[in-house]
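**Student:**
In my numbering, the protein residues as written are 11 to 204.
(1) Measuring straight from C-alpha to C-alpha, what distance separates residue 156 and residue 195?
(2) Expressed to the nearest angstrom, what Euclidean distance is found between the alpha-carbon atoms of residue 200 and residue 152?
(3) Determine the burial state of residue 193: buried for a count of at least 16 other Cβ atoms within 10 Å of its Cβ, exposed for fewer.
(4) Using the rule of at least 16 other Cβ atoms within 10 Å of the residue's Cβ for burial, across every protein chain shown, is residue 169 buried or exposed?
(5) How about residue 48 and residue 62: do their beta carbons lie closer than 8 Å?
(6) What did DSSP end up calling residue 176 once you bin it into helix, strand or coil?
(7) Taking the straight line between their C-alpha atoms, what separation do you get for residue 99 and residue 113?
(8) Just verifying my parser: in three-state terms, what is the DSSP assignment at residue 164?
(9) Please list, in chain order, all residues of the same chain as residue 94 whose beta carbon is under 6 Å from its beta carbon, the five residues on each side excluded.
(10) Quick one, are the C-beta atoms of residue 87 and residue 66 less than 8 Å apart?
Here you go:
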């Protein structure tokens, strides 16, 4: 009985090894991205307005690393279906030194992400309404892929960043990152000071 079982098992292994193994390509989940549509954020009392995606939800940000925010104009735009978030913080120039705000924006883009990012590309911009700033594109498995600051250099300073609530993986997040990066650029291009 044992001998016939061993012969059958040996026969199975010999016959099962006749075909060539073909490695399958690596795959990722299909992500259904929503249709691009925007709505205006123009709340009374806020020193700015902009357009943001209809599939995003504005949430007032009341804490910054467990401390109260500097002013009531900090918001987040959550994208529950994409597991992402835009963090938007506002500071008034005058109460804060302009050079310090710019240095902080560069520090947050470079120092905090240099060890994980394979490249950081700063891109200066000027919008049609005259708002200036820098858009940072981070490559690699950094916690964020896109950050920016926008300012009039006299009174207003707005900083934003895109984060996902998942472990960073540039390859698998690429479709969603590129999709939301366009929305972040749209937000910047429709930004107006009050």
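Quick reminder that beta carbons are idealized off the backbone N, C-alpha and C, glycines included.
**Tutor:** Let's see:
(1) As a working mapping, residue 156 is identified with position 146 in the chain shown. As a working mapping, residue 195 is identified with position 185 in the chain shown. Those two C-alpha atoms are separated by around 10 Å.
(2) By 1-based counting over the chain shown, the position of residue 200 is 190. By 1-based counting over the chain shown, the position of residue 152 is 142. One C-alpha to the other measures close to 27 Å.
(3) Position 183 of the chain shown holds residue 193. Flag for residue 193 reads buried.
(4) Residue numbering aside, residue 169 sits at position 159 when the chain shown is read from its first letter. So residue 169 counts as buried.
(5) Position 38 of the chain shown, counting from 1, holds the residue named residue 48. Position 52 of the chain shown, counting from 1, holds the residue named residue 62. Cβ atoms of residue 48 and residue 62: closer than 8 Å.
(6) Residue numbering aside, residue 176 sits at position 166 when the chain shown is read from its first letter. Coil at residue 176, not helix or strand.
(7) By 1-based counting over the chain shown, the position of residue 99 is 89. By 1-based counting over the chain shown, the position of residue 113 is 103. Roughly 15 Å between the two C-alpha positions.
(8) Numbered from 1 along the chain shown, position 154 holds the residue referred to as residue 164. Coil at residue 164, not helix or strand.
(9) For the purposes of this step, residue 94 is taken as residue 84 along the chain shown, with counting starting at 1. Answer for residue 94: 174 and 190, listed in chain order.
(10) The count along the chain shown starts at 1 and reaches residue 87 at position 77. The count along the chain shown starts at 1 and reaches residue 66 at position 56. Result yes, Cβ atoms of residue 87 and residue 66 sit closer than 8 Å.
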